[in-house]
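**Student:** Here it is, the structure, as structure tokens.
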Amino acid sequence: MQPRGQFRVSVSKDDLVFSSAHFITYAGHRCEGLHGHNYRTRATVDGALDPADKLVFDFLELKRIMRGLCREIDHLVLLPTQSSRISVVEDGDRVRVAVDGMPRYLFPRRDCALLPLANTTVEMLAELLAGRLRAELGVLDVAGLTAIEVEVEENFGQSATCRMQL
Ligand SMILES: [Zn+2]
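Below, the structure is given as structure tokens:
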């Protein structure tokens, strides 16, 4: 029998998490203080069923990729390198952070994840992880996938999702 309908698979396991510190800026001069979240992620893949296996994508593989992406930023201070207000400068084994031109923090470099983002909002983190997931799937050269989504939840019931067509 030919499968009917459209298919998507998703994973949101207890180990697809990262516990990280960050702060974001808002329009005007508002800027949060440094704080942390236990972020949870969910990855979703849309696509055609493989005719032989009758699956869209291997859960094990999707979990492996997402675990790796979470691990890259786990237990670190997430800093945006493309902010117009937050300056992040590597200085040897340290990172100097200023906000609106005022020195704010000095972190050990090894404790920081410098991310190519304008702001470390949950939306931008979802976009970053979706882009990295897409790149990992590209390496695998998986046929039949049509779209991916990554959801990042920073608190219970408070999340953002980024969807990318493949
Ligand atoms: Zn926050």
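Counted from 1, the sequence shown has number 219 at position 134 by this note's numbering; the numbering is strictly sequential.
Positions of the beta carbon are idealized from the N, C-alpha and C atoms, including for glycine.
1) Using C-beta distances below 7 angstroms, list every residue in its chain close to L81, excluding the 5 sequence neighbours before and after it, in chain order.
2) Could you tell me the distance, in whole angstroms, from the CA atom of L199 to the CA atom of L164?
3) What did DSSP end up calling G132 once you bin it into helix, strand or coil?
4) Can you grab the Cα-Cα spacing for the pair P193 / S172, in whole Å?
5) Going by DSSP in three states, L200 sits in which element: helix, strand or coil?
6) Whose C-beta lies closer than 8 angstroms to the C-beta of S169 among residues of the same chain, with five residues either side of it excluded?
7) Tell me D176's beta-bridge partners as DSSP assigns them.
8) List in chain order the residues whose CB is within less than 6 angstroms of at least one heavy atom of ligand 1.
9) Heavy atom of ligand 3 less than 7 angstroms from the Cβ of E146, yes or no?
10) Among residues of its own chain, excluding the 5 on either side of E238, which ones have a beta-carbon nearer than 7 angstroms to its beta-carbon?
**Tutor:** With the given structure in hand:
1) A question about residue 81 goes unanswered here, because the residues of the chain that appear run from 86 up to 251.
2) 5 angstroms
3) strand
4) 16 angstroms
5) strand
6) A203
7) In the DSSP assignment, D176 is bridged to R179.
8) H107, H120, H122, E239
9) Ligand 3 is not among the ligands present in this structure, which contains only ligand 1.
10) In chain order, Y124, R125, S244 place their CB closer than 7 angstroms to the CB of E238, counting only its own chain and leaving out the 5 sequence neighbours on each side.
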